[in-house]
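A.B. asks: Questions regarding the structure given below will be posed in turn.
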Amino acid sequence: MLFLSDIFPTGYMAAEFCNIQGGETIAIWGCGPVGQMAIRSAFLLGAERVIAIDTVPERLEMAKAAGAETLDFKDDDIYEKIQDMTNGRGADACIDAVGTEADATASLDSVVDRIKTATFMGTDRPHVLRQAIHCCRNFGTVSIVGVYGGLLDKIPMGSAINRGLTFRMAQTPVQAYLPKLLARIENGDIDPSFVITHRAELKDGPDLYKTFRDKKDGCIKVVMKP
Amino acid sequence: MKALCWHGKGDIRYDTVPDPRIEHPRDAVIRVTACAICGSDLHLLNGVIPSMESGDVVGHETMGEVVEVGAENKKLKVGDRVVVPFTIACGECFFCKRGFYSGCERSNPNKDKPQSSGGIPPPAFSDTRIFSADTQGARLNISGFPTPTSARSKSPTA
């Protein structure tokens, strides 16, 4: 139930944005907790295939356990792979579950600087969104739940417009999702606790923040009790 | 009560902070039974949120039990089990009535600044001032919307 507060509704919304009718291939960037929820939600909504992209082994393993096909962006040419996997058409919808660390209230300069200099899982941040756009089939949907704060550079709007892409994005209106997702849990469609890797007491929080930040000890999700 | 507090980049501490209390008649105080660390909390840890002040309580994924409600809070009652959405919302404004809770115009101090953040501050960040990931309670400004999991959650999964 705890994950109704954020990550389950966010991952579910990401999948819902993809307008899944049944049989689609959904590509998902980022296999953190939200990405994991998105993978399972996409299947719940009827996706036939999910292609999950990350580089952290335990996160890819968790994605695989849900039935996703996984790609490691350090080893694979993501665009070429997705083209190969979709008969050269592209994914029906692409979910960006990564986002940025650029702050919403920072100055324009600092936002641009951060975007240009900071790393997203080893590469520049707008690269993820760009790649999601390029990997999306004509008239497909790009679903963005990774949080972006400011102004992004060099987003290929030409490709998006000419190929008729739909963009959906939001900070999740969590309350709107609670009744149906509570029902999903109660019905046994999904048990979001699968994502928990670390359980601890609150006093262990300071250390666990760092464990989670550094992705050490196989850490994907921390839950603390008093 | 005990809480995890931010004191600077990479510096989260297990502190003692003042107990939460009813400040607005629609407030509620909950005893937190479980909370989690979100990826967006790492933005705070990493010190990239300029609005953070030393001593701020961190965390926004929380559940618990209601231990006190304000006089005008008709939605919650003591003993309710609740999940706290990370999006703060009044439940009554133009956007909330349409289901766009994350666009709430009464809970957003920066709604007049679309050029900075699209009008909506990342709720995960603003939440940190309101919800306490603590051992005894958390102030909760969500009394305006339904209590979807209260009294219905049979067995918490976490």
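Chains A and B supply the protein sequences, listed in that same order. Counting with this note's numbering, you get residues 94 to 319 for the letters of the first sequence. Counting with this note's numbering, you get residues 916 to 1073 for the letters of the second sequence. Every residue gets a Cβ at the ideal spot worked out from N, C-alpha and C, and that includes glycine.
How many Å lie between residue 106 of chain A and residue 173 of chain A at the Cα?
C.D. replies: Using only the alpha carbons, I get a separation of about 27 Å.
A.B. asks: Run down chain A in chain order and give the residues with a C-beta less than 7 Å from the C-beta of residue 1021 of chain B.
C.D. replies: Near residue 1021 of chain B there are no residues of chain A at all, since even the closest Cβ is about 14 Å away, more than 7 Å.
A.B. asks: Between the region 924-956 of chain B and chain A, which residues of the former have a C-beta closer than 9 Å to a C-beta of the latter?
C.D. replies: Residues 925, 926, 927, 928, 929, 946, 947, 948, 949, 950, 951, 952, 953, 954, 955 and 956.
A.B. asks: If we define contact as Cβ-Cβ less than 8 Å, is residue 100 of chain A a contact residue for chain B?
C.D. replies: Judged by the 8 Å Cβ criterion, residue 100 of chain A is in contact with chain B.
A.B. asks: Mind checking which residues open and close the alpha helix (DSSP H) that includes residue 250 of chain A?
C.D. replies: That run of the alpha helix (DSSP H) goes 250-255.
A.B. asks: Going by C-alpha to C-alpha distance, which of A/270, A/297, A/312 and A/116 sits closest to residue 154 of chain A?
C.D. replies: The shortest C-alpha separation from residue 154 of chain A is found at A/312.
A.B. asks: Between the Cα of residue 294 of chain A and those of B/950, B/944 and B/983, spot the shortest distance and give me the residue it belongs to.
C.D. replies: Comparing Cα-Cα distances from residue 294 of chain A to each of B/950, B/944 and B/983, the minimum goes to B/950.
A.B. asks: With 8 Å as the limit, tell me which residues of the region 119-132 of chain A have their beta carbon closer than that to any beta carbon of chain B; keep them in chain order.
C.D. replies: The residues in question are 125, 126 and 127.
A.B. asks: Taking the alpha carbon of residue 980 of chain B as the reference point, which residue from B/997, B/971, B/990 and B/989 has its own alpha carbon closest?
C.D. replies: With distances taken between Cα atoms, residue 980 of chain B lies closest to B/997.
A.B. asks: Less than 6 Å between C-beta atoms, sequence neighbours within five positions excluded: which residues of the same chain meet that for residue 925 of chain B?
C.D. replies: None.
A.B. asks: So is residue 231 of chain A buried or exposed if we call it buried at 16+ other beta carbons inside 10 Å?
C.D. replies: Residue 231 of chain A is exposed by the Cβ-count criterion.
A.B. asks: Check whether the region 116-123 of chain A and the region 175-189 of chain A are in contact - that is, three or more C-beta pairs closer than 8 Å.
C.D. replies: The answer is yes - the region 175-189 of chain A touches the region 116-123 of chain A, with three or more Cβ pairs under 8 Å.
A.B. asks: So with Cβ pairs under 8 Å, would you call residue 1001 of chain B a contact of chain A?
C.D. replies: By this cut-off, residue 1001 of chain B is an interface position.
A.B. asks: Would you kindly check if the distance between the Cβ of residue 254 of chain A and the Cβ of residue 334 of chain A is under 8 Å?
C.D. replies: Look at the range of chain A in this structure, 94 to 319, and you will see that residue 334 of chain A is not part of it.
A.B. asks: Should residue 971 of chain B be flagged as near chain A, meaning a C-beta pair shorter than 8 Å?
C.D. replies: So no, residue 971 of chain B is outside the interface.
A.B. asks: Where DSSP assigns a beta bridge to residue 291 of chain A, which residues make up the other side?
C.D. replies: DSSP lists A/315 as partners of residue 291 of chain A.
A.B. asks: Across which residues does DSSP place residue 236 of chain A in a beta bridge pair?
C.D. replies: The partner list for residue 236 of chain A (beta bridge, DSSP) reads A/188 and A/261.
A.B. asks: Does the beta carbon of residue 1093 of chain B sit closer than 8 Å to a beta carbon anywhere in chain A?
C.D. replies: This structure cannot speak to residue 1093 of chain B, because chain B is shown only from 916 to 1073.
A.B. asks: What is the C-beta distance between residue 934 of chain B and residue 916 of chain B, in whole angstroms, given that I count them as a contact (C-beta under 8 Å)?
C.D. replies: With 8 Å as the limit, residue 934 of chain B and residue 916 of chain B qualify as a contact, their Cβ atoms being about 5 Å apart.
A.B. asks: Distance check for residue 936 of chain B and residue 160 of chain A, CA to CA, integer angstroms please.
C.D. replies: Taking the straight line from one Cα to the other gives about 46 Å.
A.B. asks: Would you mind listing the beta strand (DSSP E) stretches within the region 98-146 of chain A that are 3+ residues and don't spill past its ends, in chain order?
C.D. replies: The qualifying runs are 118-122.
A.B. asks: Starting from the beta carbon of residue 986 of chain B, find every residue of chain A whose beta carbon is closer than 7 Å, and list them in chain order.
C.D. replies: Per Cβ cutoff of 7 Å: no residues; residue 986 of chain B is ~23 Å from chain A at best.
A.B. asks: In this structure, how does DSSP classify residue 979 of chain B when only helix, strand and coil are distinguished?
C.D. replies: In this structure, residue 979 of chain B counts as strand in the three-state DSSP scheme.
A.B. asks: Could you compute how far the alpha carbon of residue 268 of chain A sits from the alpha carbon of residue 1014 of chain B?
C.D. replies: The alpha-carbon atoms of residue 268 of chain A and residue 1014 of chain B are separated by roughly 8 Å.
A.B. asks: Out of B/975, B/1019 and B/923, state which residue places its alpha-carbon closest to the alpha-carbon of residue 965 of chain B.
C.D. replies: Cα-wise, what sits closest to residue 965 of chain B is B/923.
A.B. asks: Does residue 95 of chain A get closer than 8 Å to chain B when you measure Cβ to Cβ?
C.D. replies: So yes, residue 95 of chain A belongs to the interface.
A.B. asks: Determine, for residue 1014 of chain B, whether the minimum Cβ-Cβ distance to residues of chain A falls below 8 Å.
C.D. replies: True, the Cβ-Cβ gap to chain A drops below 8 Å.
A.B. asks: According to DSSP, simplified to helix, strand and coil, what is residue 245 of chain A?
C.D. replies: Residue 245 of chain A: coil per DSSP, three-state reduction.
A.B. asks: Can you confirm whether residue 991 of chain B, when its beta carbon is compared against all beta carbons of chain A, has any partner nearer than 8 Å?
C.D. replies: Chain A contact via Cβ: absent.
A.B. asks: If you drop the 5 nearest sequence neighbours on each side, which residues of the same chain put their C-beta closer than 6 Å to that of residue 309 of chain A?
C.D. replies: There are no such residues.
A.B. asks: Whole angstroms are fine: how far does the CA of residue 282 of chain A sit from the CA of residue 992 of chain B?
C.D. replies: Answer to the nearest angstrom: the Cα atoms are 30 Å apart.
A.B. asks: So, is residue 961 of chain B buried or exposed, given that buried needs 16 or more other C-beta atoms within 10 angstroms?
C.D. replies: Flag for residue 961 of chain B reads exposed.
A.B. asks: Going by Cα to Cα distance, which pick from B/944, B/947, B/938 and B/974 is closest to residue 299 of chain A?
C.D. replies: The residue with the shortest Cα to Cα distance from residue 299 of chain A is B/974.
A.B. asks: Are residue 131 of chain A and residue 104 of chain A close, meaning C-beta to C-beta below 8 Å?
C.D. replies: Yes.
A.B. asks: Quick one: which residues of the region 252-267 of chain A get their C-beta closer than 9 Å to a C-beta of chain B? List them in chain order.
C.D. replies: Cβ contacts with chain B come from 263, 264, 265, 266 and 267.
A.B. asks: Could you pull out every residue in the same chain whose Cβ sits closer than 8 Å to the Cβ of residue 136 of chain A, ignoring the five residues on either side in sequence?
C.D. replies: So the qualifying residues of the chain are 143, 159 and 160.
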